[in-house]
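Q:
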């Protein structure tokens, strides 16, 4: 049988150039993940830019030698790679060299933020720290929340970190904040995720804030190749 192969390169993908992400803050958290299978306690690092909260890195330990690095850019790219711990701590610039590690996901949640709201709570003092609190919750019926298994998030914010824009851990909350800009600045001292049954699923506590300068260089996504055989 005769076989014809057509390779189509979509120019929309070709046109992207490499992108640089600047980071000036390293946050170290201790996180307790409560699941139906087991409880897991682990360290987690966030690399952030105090003046741009549209992107951040999540760094987790894979083993004694490697980190998993997850890039979350709400407006552009998503990527997850493995990197040597030694290389990560030594380098001022990190390069994601393989374009196949970089994706441009379709953000289906961007326009769903109208179904959610932020709720300010009373300020509090814990262990001598002045803290601001707010929740991010689904505003439709409880029945619909349970059916769609939609959780909620509580942020407990250090008041002396107003120099940092809010760190929002999902795209829906980020786009809600971007639209309304109604939250206090600050780094979260605690992050609490509750599942759709209002049971605590994730609890992260801040252990350290460190100022630094790191750059992440991301290549353009690969051209999309479509092969048609007949």
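In the numbering used here, the protein residues as written are 2 to 231. Cβ atoms here follow ideal geometry from the backbone N, Cα and C, with glycine treated the same way.
DSSP three-state label for residue 147, please.
A: Residue state, collapsed to three classes: helix.
Q: Does DSSP put residue 114 in a helix, in a strand, or in coil?
A: Three-state DSSP puts residue 114 in a helix.
Q: Tell me whether residue 114 is buried or exposed, calling it buried when 16 or more other Cβ atoms sit within 10 Å of its Cβ.
A: So residue 114 ends up on the buried side.
Q: Among residues of its own chain, excluding the 5 on either side of residue 145, which ones have a beta-carbon nearer than 6 Å to its beta-carbon?
A: Cβ within range, chain order: n/a, list empty.
Q: May I have the straight-line CA-CA distance separating residue 227 from residue 99, to the nearest angstrom?
A: Here residue 227 scores only 37 on pLDDT, less than 50, and its place in the model should not be relied on; the value that follows carries that caveat. About 19 Å.
Q: Over the uninterrupted beta strand (DSSP E) stretch that includes residue 49, give me the two end residues.
A: Here the beta strand (DSSP E) through residue 49 covers 40–50.
Q: From the DSSP output, in three-state form, read off residue 53 for me.
A: Three-state result, residue 53: strand.
Q: Around the C-beta of residue 201, are 16 or more other C-beta atoms found within 10 angstroms, so that it is buried, or is it exposed?
A: It counts as exposed.
Q: For a quick check, are the C-beta atoms of residue 207 and residue 28 less than 8 Å apart?
A: In contact: residue 207 and residue 28 (Cβ atoms closer than 8 Å).
Q: Using the DSSP secondary-structure output, state which residues sit across from residue 63 in a beta bridge.
A: In the DSSP output, where bridge partners are listed per residue, residue 63 has none listed.
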